[in-house]
Structure formats: C-alpha cells, structure tokens
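Novice: One structure, as structure tokens, below. Some questions next.
Residue numbers (the UniProt record's numbering): 1 to 335.
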C-alpha cells in the first residue's frame, strides 16, 4: 500500500530558500550517495555475497505515500515538500533522523537541518528518543475544524441527538476508502468507544461509513468491501460478526432503498449504530452521522425506532447546507 518516498535532485531558486536562513545559498542537487560525506565515512551495508544492500523501501518503514510521491516538483518546491514529508513520516510513527533520511532519500546533514527548522517552528518537538508532532499542528488542526462549515452547522443537531438518545453521536466524512471522524459527543451511559475525532476506519466496516456509500453502484460497494477486508486483515474479532460478501451486498441494497445504515457489531464487538447520510446543495452525500451504543441499549427494535430520528437530524443538516428535498414531478393531463 505504501510507496517509497523518493526525491528529485533539483536545485532551489534563490528567492525561495529555507526560512531558517535567509542568506543561505540555493541548495545544489545532492551528489550520489557514494559521493556524500556520510557515505564516505560509513560504507554502504552489503549482503553476504558482497552486493550493496539498497535502502529499505517505504513499505518496510511503514510510511504512507507523501507529497514527494504525488506532487510534480518544480525548482524551489523541494524543501517545502521535504518538510511536509517529514511531518507525514512523523505522523506515521517515524522518530529518528536516520529513518527520516531513509524515507526522504536525503543526507544526514540535510535531514538534520530540515528537522531542526520544524522543531524551531513548533511543527515538531524533540523528546527523549526522537521527535514527535508539535503543538503548532494541534493549533492549526483546531482552526481547520472550526473553519469547516460542516462541523459548525452540524453541531447543534449532534447535541440534540445526544440529549434525546443519551448515546454516542458521531459525524464523519469520506477520505478515500475510509471514514474520518470530525466530531463526536460521548454518550452519558458511562460507556467508552475507541472512536475519536481524527480517527479513521474503513468505510465498509462502519455504519457511518456505509451511509456515505448509499449513492454508489454495487461494483463500488464490492470494491470498498474488499478494501475493508484488506485493511482489517490482521484484526481479530471475537465473536466475528462481519458479514460475508453476499450478505454485505444484500444489506447495502436494503440500506440504499431505506436511506439509512446499521453497524451490527461489524467494527467493534458489542457496539451497534444507526447512521444516515448528509447531503450538500448539489444533492451529493458529503458526510454522515450516527447514533451508537452497546447491545443492552441498542436492541434491534430500538435501532428501527431510531431510523427516522437520525434521518430527521441528517436531513436538517443537509437543508442548512443548501439541500432541498426533491419534489415529485407532476404531469399535465391532456384533455
């Protein structure tokens, strides 16, 4: 799934030098690894037969694809993209300079300079044993959430659902094959769920995720079902209530007809939920909300009762985003 994060050896324009040193000369393209100072002092690792062992691919480091993989690089952008790639690597669990350098394909000195600048700007913080994401990202993330109209519009409706049901309320958006939770109100029954704001789960394994799949065609349902199984391949479910392919497809057909979805302990043992989609002015599904609780508080009968309740709040949010309920068309009768 992960791709090796490589860099292009491009020089930087003088007017876009690192913020850490305005007078620094433009960075020249890096020499091949065998010509770098670090490599000269420390020979490249070799296998038993004497062959040079290549650097580990990003997959072995466990890093996601970064902007260095997918962004066409032009002169003057390399330092910026490298800095962003370091932040992505830190988010994926990288902690030390050596692994940062391996992920980016940069020398130790270049890696140290980039990391030091990020620490100074509070995007990273140095701790014993390496580096972690810094407080500046928390500040920006909070502002980003506040600037997202969806969360502002939806919050009163989430609070209304929470007060009415006493259960945990989620708001999520689609991010690729996953649902990204962007708001959560914990229930008042003393239960704790593993979900949190910023948490991601495969779309097809959650009620809130499936609600964002209702407008898709069966082939897309199948693709997302397969993606969910791959993502959760190493996760143990006891008991395992995940549906097989045929059951999943039949349920999605029923859900699409009814405009709601259930989570029947498919994502977390003993947790059930009822979810409904949120639409924007164009009628497209842009989010979903859900009411979740444990089995003692979420019987199948209560889930049926909650369907219109959840749909009502989802519809109210949609209308505030500009969506209008489609009106039935009428035909004139020729006399």
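Note that beta-carbon positions come from the ideal geometry of N, C-alpha and C, so glycine has one too.
#1: Count the other CB atoms within 10 Å of the CB of residue 295; is the residue buried (16 or more) or exposed (fewer)?
#2: On a CA-only basis, which of 325, 176 and 317 is nearest residue 152? Give me that one, please.
#3: Once DSSP output is grouped into helix, strand and coil, what is the label at residue 126?
#4: For residue 78, count neighbouring C-beta atoms within 10 Å of its own C-beta (all shown protein chains included) and say buried if the count is 16 or more, exposed if not.
#5: Can you tell me whether residue 142 is helix, strand or coil according to DSSP?
#6: Answer yes or no: do residue 210 and residue 261 have a C-beta to C-beta separation smaller than 9 Å?
#7: Work out the CA separation of residue 315 and residue 289 for me, nearest whole Å.
#8: Mind checking whether residue 201 and residue 174 have CB atoms under 9 Å apart?
#9: When you compare only the Cα positions, how much space is there between residue 123 and residue 146?
#10: Please return the same chain residues whose Cβ sits closer than 6 Å to the Cβ of residue 179, not counting the five positions on each side in sequence.
#11: Closer than 6 Å by C-beta to residue 165: which residues in its own chain qualify, once you throw out the five before and the five after it? Chain order, please.
#12: Got a sec, what are the start and stop residues for the alpha helix (DSSP H) residue 252 sits in?
#13: Within the region 137-220, note down every full alpha helix (DSSP H) run reaching 4 residues or more, in order along the chain.
#14: For residue 227, which of 241, 115 and 245 has the nearest alpha-carbon?
#15: Taking the straight line between their C-alpha atoms, what separation do you get for residue 132 and residue 326?
#16: Within a Cβ cutoff of 6 Å, which residues of the same chain sit near residue 35, ignoring the five residues on either side of it in sequence?
#17: Residue 233 lies in the alpha helix (DSSP H); which residues open and close that run?
#18: May I have the straight-line CA-CA distance separating residue 303 from residue 273, to the nearest angstrom?
#19: I need the straight-line Cα distance from residue 134 to residue 119, nearest angstrom please.
#20: Can you tell which of 110, 107 and 115 has the C-alpha that lies nearest to the C-alpha of residue 87?
#21: In terms of DSSP beta bridges, what is residue 262 paired with?
#22: So, helix, strand or coil for residue 82, using DSSP?
#23: Anyone know if the C-beta pair for residue 150 and residue 313 falls short of 9 Å?
Specialist: Put simply:
#1: Under this definition residue 295 is an exposed residue.
#2: 317
#3: strand
#4: buried
#5: In this structure, DSSP gives residue 142 a helical state, which the three-state scheme calls helix.
#6: yes
#7: 10 Å
#8: Taking 9 Å as the cut-off, the beta carbon of residue 201 is found no closer than this to the beta carbon of residue 174.
#9: Spanning the two alpha carbons is a distance of roughly 20 Å.
#10: Result list for residue 179: 172, 201, 203, 206, 208 and 209, in chain order.
#11: If we look at residue 165 and ignore the five residues flanking it on each side, its Cβ neighbours are 291.
#12: From DSSP, the alpha helix (DSSP H) with residue 252 extends over 245-258.
#13: 149-165 and 207-211
#14: 245
#15: 49 Å
#16: Unreliable positioning characterises residue 35 in this predicted model, as indicated by a pLDDT of 40, which lies under 50. The coordinate reading is nonetheless provided below. Cβ neighbours of residue 35 beyond the five flanking positions: none.
#17: Element bounds for residue 233: n/a, residue is neither H nor E.
#18: 7 Å
#19: 8 Å
#20: 115
#21: 274
#22: In this structure, DSSP gives residue 82 a helical state, which the three-state scheme calls helix.
#23: no
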